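Quick notes on the structure that follows.
2 protein chains.
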Amino acid sequence: MQFQVSKELIQQVKHLIKTEEDVNLRDMLNEIHFADVAEIISELNLSQATYLIKLLDSEKTSEALMELEEDFRERILENLSVKEIAEELEEMDTDDAADIVAELPDERAEKVIAEIEDEKRAEDIKELLTYDEDTAGGLMAKELVKVKETWTVAGCVREMRRQAENVTRVHSIYVVDKEEKLKGRLSLKDLLTASAKTHISEVYIPKVDYVDVDTEGEEVARIMQKYDLEAIPVVDHDGVLLGRVTIDDIVDFIKDEAEKDYQLAAGISQDVEADDNVWELTRARLPWLILGLFGGLGSVFIMEGFEEALNKYKELFFFTPLIAAMAGNVGVQSSAIIVQGLANDNVKGSLLTRLLKEISLSLISGVTLGILVIVFGFITKMEINFSLTIAISMLCVIIVAALIGTFVPIILNKKGIDPAIATGPFITTSNDIFGIFLFFYIAKIILGF
Amino acid sequence: MQFQVSKELIQQVKHLIKTEEDVNLRDMLNEIHFADVAEIISELNLSQATYLIKLLDSEKTSEALMELEEDFRERILENLSVKEIAEELEEMDTDDAADIVAELPDERAEKVIAEIEDEKRAEDIKELLTYDEDTAGGLMAKELVKVKETWTVAGCVREMRRQAENVTRVHSIYVVDKEEKLKGRLSLKDLLTASAKTHISEVYIPKVDYVDVDTEGEEVARIMQKYDLEAIPVVDHDGVLLGRVTIDDIVDFIKDEAEKDYQLAAGISQDVEADDNVWELTRARLPWLILGLFGGLGSVFIMEGFEEALNKYKELFFFTPLIAAMAGNVGVQSSAIIVQGLANDNVKGSLLTRLLKEISLSLISGVTLGILVIVFGFITKMEINFSLTIAISMLCVIIVAALIGTFVPIILNKKGIDPAIATGPFITTSNDIFGIFLFFYIAKIILGF
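Sequence order for the protein chains is B and V.
Counting from 1, one number per residue, gives the positions in the first sequence under the numbering used here.
Counting from 1001, one number per residue, gives the positions in the second sequence under the numbering used here.
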């Protein structure tokens, strides 16, 4: 891969737009891959971007449009006429076209669909719009190559050539019966190696993985990954072949899911990006900070309850950030491991073995950290019974934090709630409160204030 | 997708292994997809798993072996003879075979390679072992279909049939010159639609995306995603075609990378799983906890420095966990957004605009949270100048925490260090220290103790 979108190239494009050198612009950009054109467009302002989209062939711009950030694309589409949008849609795969239509205001969407010349395509897009976005139906495209089981290989090759025109990548050829029900599949390789007069029914592979149109996107991704599939056919409740989901959409889906989990773990509750505006970012971030605030105010109350310790053991209060940090860090570690384990389905064994494992884990860490505290106490000339108290209560806090971090996600998951929400600020906040209370409580027992 | 590995099925398999009903076992498992066989194997103990691997055809078990957890696979391989391992390798794609060999002790690896009957394959595996795991060379397989540009379509189809036997999915046919240098590609679709006597040089697409054998895995993944590729050819420095990377490996790669980032953000420094042993988990978790401990001990020193405030404003000390939590949460949010933005290459604009954005973001959040603190103070009858002090110093802490969270990853990235290490415990620990110091310092200025 040698091509790189350079700053000079972007400057050049901007200049050509300004001087309206349409022929040069078209010549230059026609040589460039649509994904790079999208990268260039994303560096332009709205009017420059609109100018380019209107100028270039829909064949190129339709694919480039799909690669742009949703917000920017929506603003560009606002600047295009209903007819111009319909032209873009004519060039797209139906799944992408349906995604675009879904982003338009309802009234405009209807007008755009009415402008699509290919009636079959308009019907397909309307059908795709009826499925929930996060299901196999919402992910699939209508484009595929299908043949009847009664055909010969020669007839099949003929028909396939015709159908394949609209299909970017063939992957598999699906075999259907006369009621359009999915019977099996054929690979292009099989077709190339079979003799022309053979009937499809003799050569096709009757075992074919498929998903129901209602299957959740996550499950589709899991199946395609598990079985290393590059495309999977989608059928309705009667087994009629409706479309297929391809791996490129699943790659995007997997990335989006991973980013969502990552953001949840960091206390960001909506899908935002570094370049979103301040308001969007605040909406995604502030709720978790408010949760943290309530947690913090809760610990103010707890410490007020142990105020009498201030007279004899004021240093205890100097250790609260340490205890809170430990409780938070241990909790986040435990919850992250469990959340990932649940997602990958590799949390095996009984709850009791998991309990014992977490306890031994926290014992090892807790004792090590406790020894470090005692060494610190020795160096800074703390009373030995005081540094022992800190070490012991910290050990208890670590064990409890690990248990909360482990079992809250497991319980949520059992109740059918996404365990990823119980990572990050949720765990740190609840562990702060529990941790600080436990710390003072155990210290009180040992030191007796 | 209807098939599910049920508990009953696993019980049945265990029973058949115990009673050594080999014929029944073979019949039953031959019907099942290798990915499901892998799922079954992962539920067995070591001797049961070894029994199954030895019993079933290498054609099935070789693929199932690849799906197992690395640790479990290594233990199974220890129980197999050099010859048995070589038989498994004969059935695998070369990239998988090389991965397996790389997991073996050196001496055993050599013996296994010597046992491989197909000399070409043994050579290929040895070649793949020379590349760094995380590069295009380490990800690629040697299996692909290539044709010479001088051939006719008919000759090409003949040759392709021969080569395609060893290639699970053809994707593209690569066109090379007589020195084996990559010239372009052909799709199976093109081959089906061209007439038999045409020369390849007339029909092939000379524009082909490729990567150099040294290209980093992350870059390969980025290119394949950006250009929606399902396979990409890999060439050496002279442009000679060496192999190809397919999308299924990239899907795994993307997932692994996402999991690694997620774990780093949670303070887990090695690739561990919920089912790893206590020792492995401790090694991945303890270093970050020790970092947190030092941070916490640092804040003990800071608070000792402000000890005189205890007499007049002891409540200040009750607010330290709140301040630490806020500094931590804000820092983690900011760093997560920036780390993701850097990974997706959408952190645009100058450092100054980013600075202004972070400041306005934290002003909005900080003022909102400050008002809540003042309301809290009003309800709990705190002195108004005291709750104002808390609110103002918290606001400053939030701004500084957001700036640290934003700019530390940016600076690391500029220095070529993975910014993902600056999320999670790293940011919370440093923000705890800065936050607590700032809090007391500002409070001292306002309240004058």
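Think of the CB as a built atom: it goes at the ideal place given N, C-alpha and C, for glycine as much as any other residue.
Predicted model only: the values in this text are computed from it and were never measured.
Candidates the options, of which the one nearest residue i by Cα
i         : options                                    : result
V/SER1452 : V/MET1382, V/GLU1078, V/MET1160, V/PRO1287 : This structure cannot settle anything about residue 1452 of chain V, because the visible part of chain V is limited to 1001 through 1449.
B/VAL234  : B/LYS226, B/ARG285, B/THR19, B/VAL220      : B/VAL220
B/GLU67   : B/LYS83, B/ASP36, B/ILE85                  : B/ASP36
V/ILE1398 : V/GLY1377, V/ASP1134, V/ILE1421, V/ALA1324 : V/ALA1324
V/GLY1292 : B/GLU69, B/LEU52, B/LEU369                 : B/LEU369
V/GLU1069 : V/ASP1275, V/ARG1285, V/ARG1158            : V/ASP1275
V/ILE1417 : V/LEU1342, V/ASN1079, V/PHE1317, V/LYS1178 : V/LEU1342
B/ILE247  : B/GLU127, B/TYR227, B/ALA265               : B/TYR227
B/VAL211  : B/ASP95, B/ASN79, B/ALA136                 : B/ALA136
V/SER1058 : V/LYS1083, V/GLU1039, V/GLU1087            : V/GLU1087
B/GLU143  : B/ASP177, B/GLU74, B/ALA231, B/PHE294      : B/ALA231
V/LYS1403 : V/LYS1415, V/THR1380, V/THR1353            : The displayed chain sequence assigns Leu, not Lys, to residue 1403 of chain V. Of the candidates V/LYS1415, V/THR1380, V/THR1353, the one whose C-alpha sits nearest the C-alpha of V/LEU1403 is V/THR1353.
B/THR19   : B/TYR51, B/ALA141, B/ASN413, B/GLU43       : B/TYR51
V/ALA985  : V/LYS1312, V/VAL1082, V/LEU1077, V/VAL1023 : Here chain V comprises residues numbered 1001 to 1449, so residue 985 of chain V is not present and cannot be evaluated.
B/GLU127  : B/TYR204, B/ASP236, B/ASN311, B/LEU229     : B/ASP236
V/LEU1104 : V/LYS1120, V/LYS1014, V/VAL1082            : V/VAL1082
B/SER42   : B/LYS7, B/GLU31, B/MET28, B/VAL23          : B/LYS7
V/LYS1148 : V/LEU1129, V/GLY1138, V/LYS1178            : V/LYS1178
V/VAL1153 : V/GLY1138, V/VAL1208, V/LEU1139, V/ILE1173 : V/ILE1173
V/PHE998  : V/VAL1245, V/MET1028, V/GLY1296            : Outside the displayed range of chain V (1001 to 1449) lies residue 998 of chain V, so it cannot be described from this structure.
V/TYR1131 : V/ASN1311, V/THR1061, V/GLY1217            : V/GLY1217
B/LEU55   : B/LYS414, B/PHE72, B/ILE17                 : B/ILE17
V/MET1394 : V/PHE1440, V/ASP1134, V/ASP1099, V/SER1430 : V/PHE1440
V/VAL1208 : V/VAL1176, V/ALA1336, V/ALA1194            : V/VAL1176
V/LEU1361 : V/ASP1106, V/SER1334, V/LYS1381, V/THR1429 : V/SER1334
7 Å Cβ cut-off: residues of chain B touching residue i
i         : result
V/GLN1270 : Within 7 Å Cβ-Cβ: nothing; V/GLN1270 doesn't reach chain B, min ~11 Å.
V/ASP1261 : TYR262
V/ILE1436 : PRO321
V/ASP1099 : Per Cβ cutoff of 7 Å: no residues; V/ASP1099 is ~15 Å from chain B at best.
V/GLY1292 : ALA325, MET326, ASN329
Beta-carbon neighbours of residue i, restricted to chain V and to distances below 9 Å
i        : result
B/LYS312 : What B/LYS312 touches in chain V: nothing, since even the nearest Cβ is about 13 Å away.
B/LEU361 : VAL1278, LEU1281, THR1282, ARG1285
B/ALA265 : TYR1262, ALA1265, ALA1266, VAL1332, ALA1336, GLY1424
Beta bridge counterpart(s) of residue i as assigned by DSSP
i         : result
V/GLY1184 : V/VAL1175
V/THR1152 : V/HIS1199
V/ASP1212 : V/VAL1235
V/LYS1146 : V/TYR1174
B/ALA141  : B/ARG244
V/ILE1205 : V/ARG1185
B/THR282  : Partner(s): none; B/THR282 has no beta bridge.
V/THR1135 : V/GLU1216
Closer than 8 Å at the beta carbon, the chain B residues around residue i
i         : result
V/ASP1275 : GLY341, ASN346, VAL347, LYS348, GLY349
V/VAL1240 : Per Cβ cutoff of 8 Å: no residues; V/VAL1240 is ~16 Å from chain B at best.
V/TYR1227 : HIS33, ALA35
V/SER1299 : PHE318, PRO321, LEU322
Partner residues on chain V for residue i, Cβ-Cβ distance less than 7 Å
i        : result
B/MET303 : PHE1318
Under 8 Å by beta carbon: chain V residues contacting residue i
i        : result
B/ALA422 : Those within 8 Å of B/ALA422 in chain V number zero; the least Cβ separation is about 12 Å.
Proximal chain B residues relative to residue i, where beta-carbon distance stays under 9 Å
i         : result
V/GLN1163 : Near V/GLN1163 there are no residues of chain B at all, since even the closest Cβ is about 11 Å away, more than 9 Å.
V/TRP1288 : ASN329, GLN333
Min CB distance residue i to chain D below 7 Å
i        : result
B/GLY138 : Going by chain labels, chain D is absent from the structure shown, which instead holds the protein chains B and V.
Quiz item: For the segment 1023 to 1051 of chain V, which residues have a CB atom closer than 7 Å to at least one CB atom of chain B, in sequence order?
Solution: HIS1033, ALA1035
Quiz item: Residues in the segment 1053 to 1084 of chain V with C-beta within 7 Å of chain B's C-beta atoms, listed in sequence order?
Solution: Those would be none; no residue qualifies.
Exercise. Pair every Cβ in the segment 371 to 378 of chain B with every Cβ in the segment 343 to 355 of chain B, then say whether three or more of these pairs are closer than 8 Å.
Key: Flag = no, the segment 371 to 378 of chain B and the segment 343 to 355 of chain B do not touch.
Practice problem: Report the residues of the segment 246 to 261 of chain B with a CB closer than 7 Å to any CB of chain V, ordered along the chain. | Solution: If the cut-off is 7 Å between Cβ atoms, the segment 246 to 261 of chain B has ILE247, ASP248, VAL251, ILE254, LYS255, ALA258, GLU259, ASP261 near chain V.
Quiz item: Is the segment 305 to 313 of chain B close to the segment 438 to 445 of chain B, with three or more CB pairs under 8 Å?
Solution: Contact between the segment 305 to 313 of chain B and the segment 438 to 445 of chain B is present: 3 or more CB-CB pairs across the two stretches fall below 8 Å.
Quiz item: Do three or more CB pairs link the segment 222 to 229 of chain B to the segment 188 to 204 of chain B at distances below 8 Å?
Solution: no
Quiz item: Quick one: any contact between the segment 265 to 272 of chain B and the segment 1235 to 1243 of chain V, if contact means 3 or more CB pairs under 8 Å?
Solution: no
Quiz prompt | Segment contact, 8 Å Cβ cut-off, at least three pairs: the segment 1350 to 1367 of chain V with the segment 328 to 335 of chain B | solution = no
Quiz item: the segment 1173 to 1195 of chain V: which residues have C-beta closer than 7 Å to a C-beta of chain B, in chain order?
Solution: Per Cβ criterion, the list reads LEU1188, LYS1189, LEU1192, THR1193.
Exercise. Could you say if the segment 1278 to 1292 of chain V and the segment 280 to 294 of chain B meet the contact criterion of at least three C-beta pairs nearer than 8 Å?
Key: Too few Cβ pairs lie closer than 8 Å, so no.
Quiz item: Does the pairing of the segment 180 to 194 of chain B with the segment 248 to 264 of chain B give three or more beta-carbon distances under 8 Å?
Solution: Cβ pair count under 8 Å is below three, so no.
Self-check item: the segment 1327 to 1340 of chain V: positions lying closer than 9 Å to chain B by Cβ
Solution: GLY1328, ASN1329, VAL1330, VAL1332, GLN1333, SER1334, SER1335, ALA1336, ILE1337, ILE1338, VAL1339, GLN1340
Quiz item: What residues in the segment 86 to 118 of chain B bring their beta carbon closer than 8 Å to a beta carbon of chain V?
Solution: With the criterion set as a beta carbon lying under 8 Å from some beta carbon of chain V, the segment 86 to 118 of chain B has no members that meet it.
Quiz prompt | Residues of the segment 405 to 431 of chain B whose Cβ lies closer than 8 Å to any Cβ of chain V, in chain order | solution = THR423, GLY424, PRO425, THR428, THR429
Self-check item: Residues of the segment 357 to 391 of chain B with Cβ closer than 7 Å to any Cβ of chain V, in chain order
Solution: Correct list: LYS357, SER360, LEU361, ILE364, SER365, THR368, LEU369, LEU372, PHE376.
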